[in-house]
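Residue numbers (my numbering): 996 to 1054.
Note sheet for the following structure.
Structure below.
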């Protein structure tokens, strides 16, 4: 049953029919201060997302 549900969710994401509201994103290095503060305030209207950057980004 769980495998079927994951497959359905994957299809919805790929088709663009699935949307997850994101309240804010934070670089991993700022999580302790910023994300905890937003989470504890209780005013987030979506998920808090941690953004993990590669150590040596090639640009």
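Each residue gets a CB set at the ideal place from its N, CA and C atoms; glycine is no exception.
Just so we're clear, the structure is a prediction, and the values are computed from it rather than from any experiment.
Please report how far the alpha carbon of residue i lies from the alpha carbon of residue j, in whole angstroms.
i: residue 1034; j: residue 1013; result: 24 Å
i: residue 1047; j: residue 1008; result: 21 Å
i: residue 1025; j: residue 1049; result: 15 Å
i: residue 1031; j: residue 1004; result: 29 Å
i: residue 1019; j: residue 1040; result: 9 Å
Does residue i come out as helix, strand or coil in the three-state DSSP assignment?
i: residue 1001; result: helix
i: residue 1007; result: helix
i: residue 1033; result: helix
Relative to the C-alpha of residue i, which candidate in the options has its C-alpha closest?
i: residue 1021; options: 1042, 997 and 1002; result: 1042
i: residue 1023; options: 1045, 997, 1000 and 998; result: 1045
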